[in-house]
Amino acid sequence: MKKVFALLLCLSLVLSLSVGLTASAEEGFDPNLAGVWVLDKAEDNDSDSELLEHVFKDLFFLPDGSFSCAALPFPYLAAMKQAAPKAETADGAIVLDALADSLTDAAYSLFSILPEENAEYAKELKTISELRVTYEFFDIPEEGYADYTPHNDLEKTLFKADSKDGLKLHVSAIVSEDGLNRQAFEASGSFHKTINEEYMMAYLTGDWTDSSENAWTFGYVQKDGEPVYQYSVWLANGDYHESDHGYGPWTHYAGDTVYGTLEPYFDGASTQYKITALTADTMTLRDGVGEIVMTRAE
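Per this note's numbering, the sequence shown starts with residue 90, numbered consecutively.
Next up, the structure:
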C-alpha cells in the first residue's frame, strides 16, 4: 500500500513543488499542489490495488495542472511532441475524471516509443472508475515532524519557508476487471514536499526568452527510441549554442536556493545561474552580475 501512496505522493508533490510558488496557473487548478510529493505514512487503508500504483507512482504536477506518472511519463510525451494530460481542482479534490481516457489515448499514440508495459497500464486503467482524490495541506517545521526528518538542505529550506509543505491525501476508487466483480479501494496518506531533477526538467521544457534578449529552448527529443534531454540558445548577437544529448542543466548544491541552479553547458564551458523564484510563466535567475528574468513563450 505504501507503493500506492508513493505514486499518489508524486502526483501531489508536483502540485506543491516550490516554496512560495505564486504560479499564474490556469483557472481551476490549485498552484500550491505544483511540485513533487513523497509518501511518509500510509493509513486507513482498507484494500489494495496495484492498478492505482501505475497512475500515482513517480507522479508530479506542473503549475498548469499537467502531470506525469509511471503509466505515462512526461519525458516520453515531450519527446513525441504530445501534450501531457491535465488535472483540475475543485472543492478540495483533485479532479481526474478523464484520466483513463487521456492515458489510454496517449499511450496508444506513443506505442512506438513507450515501454511495452505502458500499453498494459492503459488497459488496466480502463478498469478504474469513480476515482476521487481529496487533499489538505499542513505545515512541517524546519526540523521535520513525527513521520519524516529532512535529509538535505533543500528540504530544510522548504520546510522553514513554506506553510504548505505537508500534504494529506485520501483516495477512493472502484476497480472492476470484468464489469461485474467490483471492488472498492480506499486509502489515506501523508506526504512531504521536495524538489528533484525530474520535476525541474519537465518545468523547464518549452521555449523561453530572457531579459538579455536570448532565446532558449529546453526539452526532450527522441534518440534510439528513448527520450533524452537537450537544450539550446540563440544569443542576442546571433550566435547559436546546443547542448549534448542527455544532459540536464539543473542541479542543486548544499546551501543553494531551494530552486537549485540552472547550469547550461555549451562548447566545453558552463555558466551558473541561481534560480531564486518560479512562477508558471517566469523564472528569476541570478548570476555574478545581477538578476535575469526568463519568460515562457506563449
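By construction, the Cβ of each residue, glycine as well, lies at the ideal position given by its N, Cα and C atoms.
Straight-line CA distance for residue i to residue j?
| i | j | result |
| --- | --- | --- |
| L161 | N121 | 23 Å |
| T340 | E213 | 36 Å |
| D228 | D356 | 44 Å |
| V184 | T238 | 31 Å |
| L220 | A179 | 14 Å |
| T368 | W305 | 17 Å |
| S252 | R385 | 27 Å |
| F226 | A358 | 42 Å |
| D129 | T216 | 28 Å |
| Q311 | A235 | 43 Å |
| A167 | D254 | 28 Å |
| A366 | T346 | 9 Å |
| K249 | I364 | 18 Å |
Can you tell me where the alpha helix (DSSP H) with residue i in it begins and where it stops?
| i | result |
| --- | --- |
| P164 | 163-168 |
| Y292 | 286-293 |
Are the beta-carbon atoms belonging to residue i and residue j less than 8 Å from one another?
| i | j | result |
| --- | --- | --- |
| M169 | W297 | no |
| G124 | F149 | yes |
| W126 | L256 | yes |
| S277 | H259 | yes |
| G181 | Y224 | yes |
| D267 | I381 | no |
| M290 | G349 | no |
| Y354 | R375 | no |
Does DSSP classify residue i as helix, strand or coil?
| i | result |
| --- | --- |
| A369 | coil |
| K253 | coil |
| E331 | strand |
| T246 | helix |
| Y234 | strand |
| E132 | strand |
| E209 | helix |
| G181 | coil |
| D267 | coil |
| Q272 | strand |
| A354 | Before going further, note that residue 354 is Tyr rather than Ala in the sequence given. Here Y354 sits in strand by DSSP. |
| G308 | strand |
How far does the beta strand (DSSP E) with residue i in it reach, from first residue to last?
| i | result |
| --- | --- |
| G154 | Neither: G154 is in no beta strand (DSSP E) and is coded neither H nor E. |
| F118 | Run containing F118: none; DSSP gives neither H nor E here. |
| K215 | Looking at the DSSP string, K215 is not in any beta strand (DSSP E), and its letter there is neither H nor E. |
| E387 | Here E387 belongs to no beta strand (DSSP E), and DSSP marks it neither H nor E. |
| Q401 | A query on residue 401 cannot be resolved here, the shown segment of the chain reaching from 90 to 387 and no further. |
Inset, instruction - Count the C-beta pairs between the region 312-329 and the region 270-277 that are closer than 8 Å, then say yes if the count reaches three, no if not. - result: no
Legend entry - Contact between the region 307-316 and the region 147-161 (3+ Cβ pairs under 8 Å): no
Inset, instruction - Check whether the region 274-289 touches the region 238-249, taking contact to mean three or more Cβ pairs, one atom from each stretch, closer than 8 Å. - result: yes
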